[in-house]
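Trainee: My questions all concern the structure below.
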DNA sequence: CTTATTACTATCCACATGGATAGAAATAGC
DNA sequence: GCTATTTCTATCCATGTGGATAGTAATAAG
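Residue numbers (the working numbering), protein chains in the order written: chain D, 8 to 204; chain H, 8 to 204.
See the structure below:
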């Protein structure tokens with residue numbers, strides 16, 4: 008009963024993800040979105056309600072995928088897996104190009120002030136979910152006797168969140184590959200220091 | 008032999024510092040700069056060479072002041088002073104308003120991509136100077152026997168840089184006072200865990 | 001095939017931006 | 001007091017922005 012869209016929702020979101028990733032929310036213009044997503048500015052307005060609404064959809068999709076596929080697994084991860092996860096953050100495979108550095112949720116923290124509740128809740132979702140994973144893994148490791156008794160899982164989880172955000176910042180700040188890896192190594196060393204014996 | 012300017016350089020820079028701090032580089036328009044600094048857009052062009060050049064001057068002034076007055080002192084700081092310094096980062100006195108959160112150099116990391124060498128060198132200056140302070144303090148603490156032998160000062164300094172950048176990110180991300188303080192406390196706990204005995 | 005509905009194309013718009021410019025006003029040296 | 005020099009005031013400008021709109025094209029139901 009109507010004309011077909013040139014692009015389906017999913018591939019539009021995928022294109023937008025890439026663009027927002029590289030250019031940031033404010034750096035990506037609606038004209039660029041047209042090209043990268045296959046959507047028209049018209050459709051961006053009529054069916055998504057404009058640039059920001061569409062960005063939120065994109066961010067949601069990103070977080071869904073991150074939680075399902077990239078966050079550390081609270082059920083199975085041991086301490087060494089967690090250390091490996093931190094190494095993976097700065098690995099070349101995941102960060103093929105400098106401008107790809109970062110995570111869309113992390114970037115949103117600096118792209119927006121906290122005046123928009125819609126953005127805020129998504130940032131909260133990112134932080135609490137990730138910190139929860141950290142805490143669960145550390146808590147389980149403690150029960151298993153893998154980490155020293157003085158280490159408080161919740162506090163250690165906050166340290167890891169801090170280090171992760173710092174690592175993302177370093178990746179933005181220092182373009183050379185060398186820097187992020189040495190900071191990731193420092194995080195790994197810290198985690199290893201929590202081990203028993 | 009010429010007309011006097013309404014504002015002197017120093018107070019113009021002070022006003023700009025405040026504005027760039029609150030609104031960010033891109034958020035601060037040249038019209039706002041006029042009001043906050045007392046400079047005219049004309050003078051901004053003719054004597055400072057435009058918005059970005061003036062921002063760099065402001066950033067330089069900020070870094071000069073930070074190094075001279077706010078960075079931890081490598082000569083005298085003990086481990087407890089360092090811990091106190093981290094607590095001070097999130098203290099209410101230094102962060103009276105939410106939107107004041109952050110450090111101008113830190114904010115510059117996300118405000119610019121790395122395409123401008125002038126900005127990059129200043130970010131490098133910030134990171135290397137601060138990491139150097141951390142490393143010096145930790146190194147001295149090790150010589151004094153204040154920290155455990157397994158702790159590598161250089162690696163620990165990178166951990167602290169990571170945590171500091173993470174702390175700044177948290178302050179941007181979570182407006183409630185409660186969050187940053189618990190993360191700062193986690194950093195303090197970490198530092199205390201490095202102590203001997 | 002007709003028709004209602006939706007998306008596409010092509011403009012148009014108001015607004016904000018950093019910057020440029022021209023004439024008026026102030027100021028220090030002579 | 002004259003004059004050269006610099007700043008100030010007041011526009012003007014080109015550009016890019018997100019968004020709106022009107023006419024056209026496609027498409028599925030009837």
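Beta carbons: idealized from backbone N, C-alpha and C, even for Gly.
Counting only the same chain and skipping the five closest in sequence on each side, list residues whose C-beta sits under 6 Å from that of residue 44 of chain D.
Mentor: Residue numbering aside, residue 44 of chain D sits at position 37 when the first chain is read from its first letter. Apart from sequence neighbours up to five positions away, the residues of its chain that approach residue 44 of chain D with a beta-carbon distance below 6 Å are 19, 22 and 23, ordered along the chain.
Trainee: For a contact meaning CB atoms closer than 9 Å, what does residue 128 of chain H contact in chain D?
Mentor: Stepping through the second chain from its first residue, residue 128 of chain H is reached at position 121. Going along chain D, no residue has its Cβ under 9 Å from residue 128 of chain H, so there is no contact; the nearest lies around 12 Å.
Trainee: List, in order along the chain, the chain H residues whose C-beta lies closer than 8 Å to that of residue 194 of chain D?
Mentor: If you number the first chain from 1, residue 194 of chain D lands on position 187. Correct list: 166 and 169.
Trainee: Counting only runs of 4+ residues fully inside the segment 51-128 of chain H, write out the alpha helix (DSSP H) ranges in chain order.
Mentor: 58-72, 86-96 and 111-118
Trainee: Residues of chain D with CB under 9 Å from residue 134 of chain H, in chain order?
Mentor: Sequence index remark: in the second chain, residue 134 of chain H carries index 127 (1-based). Within chain D, the residues near residue 134 of chain H are 177, 180, 181 and 186.
Trainee: If residue 189 of chain H sits next to residue 117 of chain D, beta carbons under 8 Å apart, how far is it from one beta carbon to the other, in whole angstroms?
Mentor: Along the second chain, one-based indexing puts residue 189 of chain H at 182. Along the first chain, one-based indexing puts residue 117 of chain D at 110. At roughly 21 Å, the Cβ-Cβ gap does not stay under 8 Å, so residue 189 of chain H and residue 117 of chain D are not in contact.
Trainee: Between D:85, D:49 and D:25, which lies nearest to residue 62 of chain D when the distance is taken from Cα to Cα?
Mentor: For the purposes of this step, residue 62 of chain D is identified with residue 55 of the first chain, where counting begins at 1. The shortest Cα separation from residue 62 of chain D among D:85, D:49 and D:25 belongs to D:25.
Trainee: So if I threshold CB-CB distances at 7 Å, which residues from the segment 63-96 of chain H count as touching chain D?
Mentor: none
Trainee: Around the C-beta of residue 160 of chain H, are 16 or more other C-beta atoms found within 10 angstroms, so that it is buried, or is it exposed?
Mentor: Working through the second chain from its first residue, we reach residue 160 of chain H at position 153. Burial call: buried.
Trainee: Taking the alpha-carbon positions, what's the residue 186 of chain H to residue 166 of chain D distance?
Mentor: The residue given as residue 186 of chain H occupies position 179 in the second chain. The residue given as residue 166 of chain D occupies position 159 in the first chain. Their Cα atoms are separated by approximately 12 Å.
Trainee: List the residues of chain H that residue 139 of chain D touches, going by C-beta distances under 9 Å, in chain order.
Mentor: Looking up residue 139 of chain D in the first chain gives position 132. Under the 9 Å cutoff, chain H gives no residues; its nearest Cβ is about 14 Å from residue 139 of chain D.
Trainee: Is the distance from the Cβ of residue 181 of chain D to the Cβ of residue 134 of chain H below 9 Å?
Mentor: Working through the first chain from its first residue, we reach residue 181 of chain D at position 174. Working through the second chain from its first residue, we reach residue 134 of chain H at position 127. Yes, they are a contact pair.
Trainee: From this set, D:95, D:109, D:67 and D:96, which residue's C-alpha is nearest residue 128 of chain D's C-alpha?
Mentor: In the first chain, the residue the question calls residue 128 of chain D occupies position 121. Checked all of D:95, D:109, D:67 and D:96; the closest Cα to residue 128 of chain D is D:67.
Trainee: Please report the distance separating the alpha-carbon of residue 38 of chain H from that of residue 33 of chain D.
Mentor: Numbered from 1 along the second chain, position 31 holds the residue referred to as residue 38 of chain H. Numbered from 1 along the first chain, position 26 holds the residue referred to as residue 33 of chain D. Their backbone Cα atoms lie some 20 Å apart in a straight line.
Trainee: If you run the structure through DSSP and keep just helix, strand and coil, what is residue 179 of chain D?
Mentor: Your numbering for residue 179 of chain D matches position 172 in the first chain. It is helical.
Trainee: Could you spell out the range, first to last residue, of the alpha helix (DSSP H) harbouring residue 16 of chain D?
Mentor: Indexing the first chain from 1 puts residue 16 of chain D at position 9. 16-30 is the span of the alpha helix (DSSP H), which, as asked, contains residue 16 of chain D.
Trainee: Does the pairing of the segment 171-181 of chain D with the segment 88-98 of chain D give three or more beta-carbon distances under 8 Å?
Mentor: yes
Trainee: Checking 9 Å against the spacing of the C-beta atoms, do residue 86 of chain H and residue 168 of chain H come in under that value?
Mentor: Sequence index remark: in the second chain, residue 86 of chain H carries index 79 (1-based). Sequence index remark: in the second chain, residue 168 of chain H carries index 161 (1-based). Contact flag unset, no.
Trainee: Can you tell me whether residue 114 of chain D is buried or exposed, with buried defined as 16 or more other CB within 10 angstroms of its CB?
Mentor: Sequence index remark: in the first chain, residue 114 of chain D carries index 107 (1-based). Taking a 10 Å sphere around the C-beta of residue 114 of chain D, we find 16 or more other C-beta atoms and assign the residue as buried.
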